[in-house]
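Trainee: The letter at position 223 of the sequence shown is residue 231 when you use the working numbering, and the numbering goes up by one with no holes.
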Amino acid sequence: MEAHDLFMHQALALARQAVGLSEPNPRVGCVIVAPDGREVLGQGHTQRAGEAHAEVMALRDAATNGHSVAGATAYVTLEPCSHYGRTGPCCDALAAAGLGKVVAALADPNPLVAGQGFARLRAAGVEVATGPGAGESRELNIGFFSRMVRRTPWVRMKIAASLDGKTALDNGASQWITSEAARADGHAWRARAGAVLTGIGTLLEDNPRLDVRLAEVARQPDAVVVDSRLETPADAKIFVAGRRVLVYAATNEPQRQAALEARGATVVCLPGPGGKVDLAAMLADLAQREVNELHVEAGHKLNGSLIREGLVDELLVYLAPKLVGQGRQMAHFGPLADLAQVVGFEFLCCDKVGPDLRLVARIPGRDQF
């Protein structure tokens, strides 16, 4: 591996440490290398929203270690920001520190940046190049890219099922079809998300917390409930101090809304056809609320609605080596009149997790934005 590939690989490893930490900001890593290309002077990754970005963390690390970064090269996994948001522009910080060159994996899709970071660096006399790692950085930040370009979160639907595709018995019993290892792995995927979504049916049946417990996280994802008639109990387990809870309804129920708002929930009324929540409008609203990745853990009815409306980008499926026979299916939609109408996915990977299989499948071309 060539040196520039190695340093970008190291920056990407740092960026992965920002998963579950930096939301809604992108996961970015930065490695600053001495002018001779032999020594790492400083490194860092994006912190919590409102705190330092990767470039500033790397500059601080270099200063702490007593290193001058004059003439050095910064390898960063995304174009340094050029606007004042919760923090100042990173491109200005790099230029002021005397960096000689910045190698970025790819441009920032944020319209407030979108090449302006590169332009300001060049205007300050800093050489700019795009290097390796574009695919890895984009995949790591697919939700951020989705929100910036499509104005909607990246929707990942998690399903735990038997080998014959059943998620529960007919009576609703589902704990546990898959193994403890699969559940822990599922929580690691929850940690990626800005929000975890379920439907009112699952909420009333299982009273889930929708949080991350089986993986270490610096922040909990938001809890989102699709609840057309505002039936969410005020004592539901999703209400945790300091955590944002969003309830999407299709009807105005002032008394019920007031009870939920008293628990800290935000209630949004988005009526759609048939007295249901307008799911596409909900996704647009979640994007406005800076949700990058939406992790869906719902029942077969809501799963079916999301799939039928073409709103699911990716499936995360855990298959247990068990046969259930009659039971609840993964998603209820149809019936279809012709096989040409099926919803097609392409497999990205298949891995064994404990005794179960983890399948990740994506709508073909959905990530081309």
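Quick reminder that beta carbons are idealized off the backbone N, C-alpha and C, glycines included.
Please read all numbers here as calculations on a predicted model, not as lab measurements.
Which residue's Cα is closest to the Cα of residue 204: 75, 10, 294?
Mentor: Walking along the sequence shown from the start, residue 204 turns up at place 196. Nearest option by C-alpha distance: 294.
Trainee: Please determine if the stretch 208–218 and the stretch 306–315 are in contact, where contact requires at least 3 C-beta pairs separated by less than 8 Å.
Mentor: At 8 Å Cβ cutoff, the stretches touch.
Trainee: Report yes or no: do three or more beta-carbon pairs, one from the stretch 230–242 and one from the stretch 250–261, lie closer than 8 Å?
Mentor: Output reads yes: the stretch 250–261 touches the stretch 230–242.
Trainee: Quick one: what's got a C-beta closer than 6 Å to residue 200's C-beta in the same chain, skipping five residues either side?
Mentor: Residue 200 sits at position 192 when you count from the first residue of the sequence shown. Taken in chain order, the residues that qualify are 27, 301.
Trainee: Please return the same chain residues whose Cβ sits closer than 8 Å to the Cβ of residue 171, not counting the five positions on each side in sequence.
Mentor: As a working mapping, residue 171 is identified with position 163 in the sequence shown. The answer, listed in chain order, is 327, 328, 329, 330, 331.
Trainee: State yes or no: is the C-beta of residue 35 within less than 9 Å of the C-beta of residue 148?
Mentor: Translated into positions along the sequence shown, residue 35 becomes position 27. Translated into positions along the sequence shown, residue 148 becomes position 140. Yes; because the gap between Cβ atoms is below 9 Å, this pair is in contact.
Trainee: Can we say the stretch 181–200 touches the stretch 281–289, given the rule of at least three CB pairs closer than 8 Å?
Mentor: With the cut-off at 8 Å, the stretch 181–200 and the stretch 281–289 do not touch.
Trainee: Assuming residue 161 contacts residue 202 (C-beta within less than 8 Å), just tell me the rounded distance between them.
Mentor: The count along the sequence shown starts at 1 and reaches residue 161 at position 153. The count along the sequence shown starts at 1 and reaches residue 202 at position 194. So it is a contact: roughly 7 Å between Cβ atoms.
Trainee: Assign residue 346 to one of three DSSP states: helix, strand, or coil.
Mentor: The sequence position of residue 346 within the sequence shown is 338, counting from 1. Three-state result, residue 346: coil.
Trainee: Which residue or residues does DSSP assign as beta-bridge partners of residue 52?
Mentor: The residue labelled residue 52 in the question sits at position 44 within the sequence shown. Paired residues: 38.
Trainee: Going by CA-CA distance only, name the one from 87, 140, 44, 146 that's closest to residue 120.
Mentor: Here residue 120 corresponds to residue number 112 of the sequence shown, with the count starting at 1. Residue 120 has its Cα closest to that of 87, out of 87, 140, 44, 146.
Trainee: Measuring CB to CB, does residue 150 end up less than 9 Å from residue 82?
Mentor: What you label residue 150 is simply residue 142 of the sequence shown in a count that begins at 1. What you label residue 82 is simply residue 74 of the sequence shown in a count that begins at 1. No, the pair does not count as a contact, with Cβ atoms beyond the cut-off.
Trainee: How far does the beta strand (DSSP E) with residue 135 in it reach, from first residue to last?
Mentor: Here residue 135 refers to the residue found at position 127 when the sequence shown is read from its first residue. 135–138 is the extent of the beta strand (DSSP E) around residue 135.
Trainee: Nearest to residue 357 by alpha carbon, out of 323, 363, 345?
Mentor: Translated into positions along the sequence shown, residue 357 becomes position 349. Considering only alpha carbons, the answer is 323.
Trainee: If I measure Cβ to Cβ from residue 345 and keep anything under 8 Å in the same chain, skipping five residues before and after, which residues do I get?
Mentor: As a working note, residue 345 is residue 337 in the sequence shown. Same-chain partners within the cutoff: there are none.
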